[in-house]
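Trainee: This is the structure, below, for whatever I ask next.
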Amino acid sequence: MKLRINSIGLLPRIIIAILAGIICALFFPIWSVRIFVTINGIFGNFLDFIIPLIILGLVAPGIAEMGKNAGRLLGITALIAYGSTLFSGFMTYFSCQWAFTNLLQIQSSGPMELTSIQSGILPYFTVEMPPVIGVMSALLLAFVLGLGVSISSGNTIKQGFSEFREVIMKLISAVIIPFLPIYIFGIFLKMGAEGQVADILTLFIKVIAVIFVLHILLLLLQYTAAGIIARKNPFRLLKNMLPAYMTALGTQSSAATIPVTLNQTRKNGVSEELAGFVIPLCATIHLAGSIMKITACAMAIMYMNDMPVSLNLFIGFIFMLGITMVAAPGVPGGAIMAALGLLSSMLGFDETLQALMIALYIAMDSFGTACNVTGDGALAVIIDRIDHKKRA
154 MKLRINSIGL
164 LPRIIIAILA
174 GIICALFFPI
184 WSVRIFVTIN
194 GIFGNFLDFI
204 IPLIILGLVA
214 PGIAEMGKNA
224 GRLLGITALI
234 AYGSTLFSGF
244 MTYFSCQWAF
254 TNLLQIQSSG
264 PMELTSIQSG
274 ILPYFTVEMP
284 PVIGVMSALL
294 LAFVLGLGVS
304 ISSGNTIKQG
314 FSEFREVIMK
324 LISAVIIPFL
334 PIYIFGIFLK
344 MGAEGQVADI
354 LTLFIKVIAV
364 IFVLHILLLL
374 LQYTAAGIIA
384 RKNPFRLLKN
394 MLPAYMTALG
404 TQSSAATIPV
414 TLNQTRKNGV
424 SEELAGFVIP
434 LCATIHLAGS
444 IMKITACAMA
454 IMYMNDMPVS
464 LNLFIGFIFM
474 LGITMVAAPG
484 VPGGAIMAAL
494 GLLSSMLGFD
504 ETLQALMIAL
514 YIAMDSFGTA
524 CNVTGDGALA
534 VIIDRIDHKK
544 RA
């Protein structure tokens, strides 16, 4: 049977692209490397153009649609989900500051100093694609429009937002995500030709190990809190959610795992009505695993490039990232695409660093999704207990 490329998952394609880039760098002539550097330069400019539109097209309708279920339970769920996401971000920051200081020791020759698309091996030509609006302007506009539409009585603008979001999600799933392996191949081909691959692979292995440990620790903390609040055995609660965890590992999608998450949440004693409200909502707004991966990967790359990694810088980044994660569509790699604007505007990531972020993020996409989904079950137990007390 003939193997179709589309039948191969995104993660295997990214791994193949990384390995192919490293191997091809050993024998590709410089003129051929410049071809892929040119392609990457054009695609990087396209990302700069489309990122503000992604933010506007995903954040605005995400905020607007929350108004449909306005009420006490929505407010409680949103507050707890956002708090859990922020906790994950700051826990990751402080943990990684300690871990990366020891693991990512800068060699005596100095920082890694990754060369950007515009330096080192240069492209044959570039195509300028200036964005129609700045990243922060797009984010602020999305907040204003989303909040305004959420309290309005009309449906015309809401429908327009929904259709615009469909266009953006189709662009991400049908154009950007499929092209990412070629983009990653070009990045690693260029770095291999410039002799930077060894440092990058060492970075990948260490960061993946740290994030794996952190996401297990986060789940234990979430279910310990749920067990204390609901007066239930936290380990039994977590054990009941393992089928949802394993399903998310395979699907890499919180949305696709909702039926399993719902079923396992009911087994933890959460009422069917509340679970049916909380689980689908948290699949959209609770991305503690995703913010963990983005924060850790960003810190690792910044450490290796001798960039400042201060708490003052990351406080604003984590708060804004927690809100932006609401925009992450239910496709593999969607969260990192929604976060690229903040990485660029707040942390100063150029095209090369953004490409490394994408590769690192997708390499752990399954674990991040599994962390998101399993954490939804803990939040449902907590919210069910709070709702039960309110009704009593």
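So the mapping is simple: our numbering equals the position in the sequence shown, first residue as 1, plus 153. Ideal Cβ placement from N, Cα and C applies to all residues, glycine included. Because the structure is a prediction, the values reported are computed rather than measured.
#1: Our contact map puts residue 295 next to residue 209 with C-beta atoms below 8 Å; I'd like the distance itself, whole angstroms only.
#2: Rounding to the nearest angstrom, what Cα-Cα distance links residue 541 and residue 430 in this structure?
#3: Count the other CB atoms, across all protein chains shown, that sit within 10 Å of the CB of residue 312; report buried if there are 16 or more and exposed otherwise.
#4: Find out if the Cβ-Cβ distance for the pair residue 305, residue 441 is shorter than 8 Å.
#5: Can you give me the start and stop residues for the alpha helix (DSSP H) that residue 464 sits inside?
#6: Could you tell me how far apart the beta carbons of residue 372 and residue 191 are, in whole angstroms, since I believe they sit closer than 8 Å?
#7: Between residue 269 and residue 293, what straight-line distance do the alpha-carbon atoms span, to the nearest angstrom?
#8: What is the residue span of the alpha helix (DSSP H) that residue 393 lies within?
#9: Counting pairs of beta carbons, one from the region 385-393 and one from the region 358-377, are three or more of them closer than 8 Å?
#10: Between residue 432 and residue 529, how many whole angstroms is the CB-CB distance? I'm expecting something under 8 Å.
#11: Work out the CA separation of residue 184 and residue 472 for me, nearest whole Å.
#12: From which residue to which residue does the alpha helix (DSSP H) around residue 277 run?
#13: What's the call for residue 380, buried or exposed, on a 16-neighbour Cβ count within 10 Å?
#14: Give the secondary structure of residue 182 by DSSP, where H, G and I count as helix, E and B as strand, and everything else as coil.
#15: Could you give the distance in angstroms between the alpha-carbon of residue 339 and the alpha-carbon of residue 517?
#16: Check whether the Cβ of residue 254 lies closer than 7 Å to any heavy atom of the ligand COA, and answer yes or no.
#17: Would you kindly report the start and end of the unbroken alpha helix (DSSP H) that includes residue 334?
Mentor: In short:
#1: 5 Å
#2: 15 Å
#3: exposed
#4: no
#5: 464-477
#6: That pair is no contact at about 44 Å.
#7: Note that residue 269 scores a pLDDT of 47, beneath 50, so its modelled location is shaky; the value from the coordinates is reported in the next line. Approximately 29 Å, taken between the alpha carbons.
#8: 387-393
#9: yes
#10: 6 Å
#11: 44 Å
#12: That residue, residue 277, is in no alpha helix (DSSP H); it is neither H nor E in DSSP.
#13: buried
#14: coil
#15: 21 Å
#16: Absence of the ligand COA from the depicted structure is noted, as is the absence of any ligand whatsoever, leaving it without description.
#17: 330-346
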